[in-house]
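**Student:** Numbered by the working numbering, the letters in the sequence shown go through residues 16 to 248 in order. Note that CB positions come from ideal geometry on N, CA and C, so glycine has one too. Structure provided below as structure tokens; questions to follow.
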Amino acid sequence: MPAYSPHAVAEHAVALILALNRRLHRAYNRTREGDFTLHGLTGFDLHGKTVGVVGTGQIGAAFARIMAGFGCQLLAYDPYPNPELLALGARYMPLPELLREARIISLHCPLTEHTRHLVNAQSLAQLQPGAMLINTGRGALVDTPALIDALKSGQLGYLGLDVYEEEAQLFFEDRSDLPLQDDVLARLLTFPNVIITAHQAFLTREALDAIAATTLDNINRWAAGNPQNLVMG
């Protein structure tokens, strides 16, 4: 399926950043229980912070535009620089350099043999201590056990995931009455500085309308003998 709503995914990545930074998940749970204290809820201003965008296609570009609106400094990594990001003032650089400089890193690249476990123990060691990592791309872009080690050491200060490498066995099912058999995911869920959503970044009314329209258009083009978006085996 071609990109149907880059804004939906980009906005979800920003939502994860805001929720993690301002501890909205913790504040929500506290106030529901009658606890109105502020201890442990201190965040930081996004304005002026350095944000690294890994993958600058349609979704990465939409994300970059939003973060530029917050007054963030943009760094970017992609084999094919996007002129739109250059116009926003983004600086393209090698991934190791981006990881060292960015306070927040957001992944928006496809999963290929070259990007599988792009974020691993070696790359996590290059982060600024306490950096934030967001992944709304593909679960296998990151080595999940390495994320756990980085969270335990404090090297990774915040983690927001909408995708998970083993999500096919879990997501889109109600398992609330069942024991969680995935020990890696279970460990991730114990960290107070981690937010995981179940691959819902695409889920907006506009995106669903676009999916339906694209599907119907593809069917009509195929029936007319002019198929689009062919997958070659």
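Return the Cβ separation of A79 and V68 in integer angstroms, given the expectation that the two are a contact with Cβ distance under 8 Å.
**Tutor:** 5 Å
**Student:** Please state whether DSSP places G104 in a helix, a strand or coil.
**Tutor:** coil
**Student:** Which residues mark the beginning and the end of the alpha helix (DSSP H) in which L231 is found?
**Tutor:** 220-238
**Student:** With H, G and I counted as helix, E and B as strand and the rest as coil, what does DSSP make of T46?
**Tutor:** helix
**Student:** In this structure, does DSSP put G84 in helix, strand or coil?
**Tutor:** Looking at G84 - three-state DSSP - the assignment turns out to be helix.
**Student:** Note the first and the last residue of the continuous beta strand (DSSP E) segment covering T65.
**Tutor:** For T65, the enclosing beta strand (DSSP E) begins and ends at 65-69.
**Student:** Please give me, in chain order, every unbroken run of the beta strand (DSSP E) with length at least 3 that falls completely inside the stretch 138-226.
**Tutor:** 146-150, 171-176, 209-211
**Student:** Please state whether the Cβ-Cβ distance between T219 and D177 is less than 7 Å.
**Tutor:** Cβ atoms of T219 and D177: not closer than 7 Å.
**Student:** Can you tell me which residues form a DSSP beta bridge with V134?
**Tutor:** V157
**Student:** How is the beta strand (DSSP E) around L122 delimited, first residue to last?
**Tutor:** Run containing L122: 119-122, per the beta strand (DSSP E) assignment.
**Student:** Using 8 Å as the cut-off, can you tell me whether the stretch 93-110 makes contact with the stretch 39-54, which would need three or more C-beta pairs spanning the two stretches below that distance?
**Tutor:** These segments do not touch.
**Student:** Could you work out which residue in R190, V157, D189 is closest to Y179 when comparing CA atoms only?
**Tutor:** V157
**Student:** Compute the distance between the beta-carbons of P144 and Q170, then report whether it is under 7 Å.
**Tutor:** yes
**Student:** Could you give the residue range of the alpha helix (DSSP H) that holds R115?
**Tutor:** 110-116
**Student:** In the DSSP assignment, find the alpha helix (DSSP H) that holds N36 and state where it starts and stops.
**Tutor:** 21-36
**Student:** Exposed or buried, what is L53 when buried is set at 16 or more other beta-carbons lying within 10 Å of its beta-carbon?
**Tutor:** exposed
**Student:** Run the CB neighbour count on I234, radius 10 Å, all protein chains shown included, and call it buried at 16 or more, exposed below.
**Tutor:** exposed
**Student:** Would you check if there are 3 or more beta carbon pairs closer than 8 Å linking the stretch 161-168 to the stretch 27-44?
**Tutor:** no
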